[in-house]
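Below: the structure, in structure tokens.
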Amino acid sequence: MIYLELLWSFMQVGLFSIGGGYAAIPLIQHQAIEVHSWLTMQEFADIMTISEMTPGPITINSATFVGIRVAGIPGAIVATLGCIIPSAIIVLLLAYVYYHWRGLDTVQSIFRSLRPCVIAMIASAEIPLISLALYGGEDFAGTLRIPSLIIFTAAFLALRLFRIGPIATMVISGTFGLIAGVCIL
Amino acid sequence: MDKDRHKLLTTFLANMQISAFTFGGGFVIIPLMRKKFASDLGWIDEDEMLDLAAIAQSSPGPIAVNTAILIGYKVGKIPGALVSILGTVIPPFLIISLISGFYSIIRSNPYVGYVMAGTAAGVAAVVADVVVSMTIDLVKQKRIQPIIMLAAAFILIAVLDVSIVAVIILSALVGYASSVWNRRHQHDLS
């Protein structure tokens, strides 16, 4: 039964990918290529490209894509459900624990020391984002894209000084990216 | 009752909007959710948001979905969590379903590339803004320990490539140790 196989495979992906999308990639590869041969390596590489090009969590994107390839829209729904169900249960249990015991001194102290850690995590994730935005690749290799640098700087200043919304920032940045691309050609 | 329904609808739409515009997954979604649910709507306070982010980060599964579940739960218990999941999942689901048939045409289109390049710069700016705001908030507390922990965690993750789960466990241990130490200290004084 293909739907049950999809559900079970993606439940394993959801359950064992701690630390977000990039931890899920090898698990998806294992399930979709090695265990089930649902995809070829080329198709898998394409899925990764699409997931980076499109909005949304990479795990959800790849579950949807694999599901569609294997069993159409119902397959996509089942695969998506699979990777959400285990984490939904665990996260809701943790949420219950958090709201039940967060008054305790020890729990407060633990979370107080996790807060700087979360900021550090987001800051670390920002480095590859800046590299990708300004150089089109990782590790700041290649040439600096001047239009991207201007858009980045202007957007940052607009966010800090005029408090414009993040989604407006992205839409405006995308528009200026298009204008810059068309003008330079 | 009507107010509850309005809250759920707002949660659903906010999650959908954030998910539809977020390239780059969980780390980008956390700042956007903070901005929407903490700064704009005021349904969650800033510290609580960071706690939820830490829980989302250390649980299995997509960080973006985990964060959405936690915020939804806070806003409207189990129905809130379900509405959040739906909102987060629907946009990528629709987009991938549409794209899966003809992605090679889209991928090679130069105009799509220009928009993507501009959006990437915008996303980087949004995340930079959030990091700056959060760091300013932390510095304003005028306590030295969190600032040292921020710097140490950043070096561990970004420079030394230590896994995020390990850094979270380490920070939690530091928090636990300092609460034990504080308790003993108070005990000695009294």
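Residue numbers (our numbering), protein chains in the order written: chain H, 1 to 185; chain P, 1001 to 1190. C-beta: ideal position from N, C-alpha, C; glycine also. Because the structure is a prediction, the values reported are computed rather than measured.
Spatially closest choice to residue i from the options, by CA coordinates
i, options, result
"ILE1085(P)", "GLY56(H), ILE151(H), ILE110(H)", "GLY56(H)"
"ILE1105(P)", "ASP46(H), TRP8(H), LEU144(H)", "ASP46(H)"
"PHE1154(P)", "ILE25(H), SER124(H), GLN42(H)", "SER124(H)"
"GLY1122(P)", "LEU1156(P), PHE1012(P), HIS1006(P), PHE1021(P)", "PHE1021(P)"
"TYR1073(P)", "LEU93(H), ARG163(H), ILE110(H)", "LEU93(H)"
"GLN1057(P)", "LEU114(H), GLY165(H), CYS183(H), GLY174(H)", "LEU114(H)"
"ALA120(H)", "LEU1150(P), LEU1082(P), ALA1064(P), ILE1164(P)", "LEU1150(P)"
"LEU81(H)", "CYS183(H), THR153(H), GLY177(H), MET11(H)", "MET11(H)"
"GLY75(H)", "ILE85(H), ALA88(H), ALA63(H)", "ALA63(H)"
"ALA1152(P)", "VAL35(H), LEU132(H), ILE90(H), VAL118(H)", "VAL118(H)"
"ILE68(H)", "TRP8(H), TRP38(H), ILE58(H)", "TRP38(H)"
"ALA1036(P)", "ALA168(H), ALA141(H), GLY177(H)", "Note that residue 1036(P) is Lys in the sequence shown, not Ala. When only C-alpha atoms are compared, the closest one is ALA168(H)."
"GLY136(H)", "GLY1076(P), ALA1124(P), VAL1131(P)", "ALA1124(P)"
"ASP1161(P)", "LEU178(H), ALA88(H), ILE127(H), MET41(H)", "ILE127(H)"
"PRO166(H)", "VAL1115(P), ILE1136(P), THR1011(P), LEU1032(P)", "LEU1032(P)"
"PHE111(H)", "TRP1043(P), PHE1093(P), THR1010(P), LEU1050(P)", "LEU1050(P)"
"LEU4(H)", "ALA88(H), VAL66(H), VAL78(H)", "VAL78(H)"
"ILE184(H)", "ILE1044(P), PRO1110(P), LEU1013(P)", "PRO1110(P)"
Under 7 Å by beta carbon: chain P residues contacting residue i
i, result
"ASP105(H)", "SER1179"
"THR64(H)", "PRO1092, PHE1093, ILE1096, SER1097"
Chain-ordered chain H contacts of residue i [CB-CB under 9 Å]
i, result
"LEU1009(P)", "Ordered by position in chain H, no residue passes the 9 Å Cβ test against LEU1009(P), which lies about 18 Å from the chain."
"PRO1031(P)", "ILE122, PRO166"
"LEU1138(P)", "ARG115, PRO116, ILE119"
"GLY1122(P)", "ALA133, ILE151, PHE152, ALA155, PRO166, THR169, MET170, VAL171, ILE172, SER173, GLY174, PHE176, GLY177"
"MET1016(P)", "Correct list: empty, because the minimum Cβ distance to chain H is about 11 Å."
Chain-ordered chain H contacts of residue i [CB-CB under 7 Å]
i, result
"LYS1035(P)", "PRO166"
"PHE1021(P)", "PRO55, ILE167, MET170"
"PHE1154(P)", "ALA120, ALA123, SER124"
"ILE1157(P)", "ALA120, MET121, SER124"
"PRO1079(P)", "Simply none; closest approach about 12 Å."
"ALA1038(P)", "Chain H residues near ALA1038(P): none, gap ~13 Å exceeds 7 Å."
"MET1149(P)", "SER113, PRO116, CYS117"
Where residue i meets chain P, residues with beta-carbon distance less than 8 Å
i, result
"THR175(H)", "VAL1115, GLY1118"
"ILE68(H)", "ILE1096, SER1097, SER1100"
"PHE16(H)", "PRO1060"
Sub-8 Å separation of residue i and residue j beta-carbons
i, j, result
"ILE1018(P)", "ILE1029(P)", "yes"
"THR1119(P)", "GLY181(H)", "no"
"THR54(H)", "ILE1099(P)", "yes"
"ALA1117(P)", "PHE156(H)", "no"
"ALA71(H)", "ILE28(H)", "no"
"GLU1046(P)", "ALA1054(P)", "no"
"VAL1167(P)", "LEU1156(P)", "yes"
"SER9(H)", "GLN31(H)", "yes"
"VAL13(H)", "ALA24(H)", "yes"
"MET1016(P)", "GLY1087(P)", "yes"
"PHE1093(P)", "ILE122(H)", "no"
Same chain, Cβ closer than 7 Å to residue i, neighbours up to 5 away in sequence not counted
i, result
"PRO1079(P)", "LEU1008"
"ALA1081(P)", "ILE1069, GLY1072, TYR1073"
"LEU134(H)", "LEU144, ARG145, SER148, LEU149, PHE152"
"ASN1066(P)", "ALA1056, SER1059"
"GLY142(H)", "TYR135, GLY136"
"PHE44(H)", "GLN29, ALA32, ILE33"
Interface partners of residue i on chain P, CB under 9 Å
i, result
"PRO86(H)", "PRO1060, GLY1061"
Neighbourhood of residue i by C-beta, 8 Å cutoff - its chain only, sequence neighbours within 5 removed
i, result
"VAL1139(P)", "ILE1147"
"ARG102(H)", "GLN108, PHE111"
"GLU138(H)", "PRO128, SER131, LEU132"
Chain H contact residues for residue i, given Cβ-Cβ distances below 8 Å
i, result
"VAL1167(P)", "CYS117, ALA120, MET121"
"ASP1051(P)", "TYR98, ARG102, PHE111, LEU114, ARG115"
Neighbourhood of residue i by C-beta, 6 Å cutoff - its chain only, sequence neighbours within 5 removed
i, result
"CYS83(H)", "PHE10, VAL13, GLY14, THR59, ALA63"
"PHE140(H)", "SER131"
Near the ligand PLP: residue i beta-carbon under 7 Å from a heavy atom
i, result
"ASN61(H)", "Among the components modelled here there is no ligand, and therefore nothing to report on the ligand PLP."
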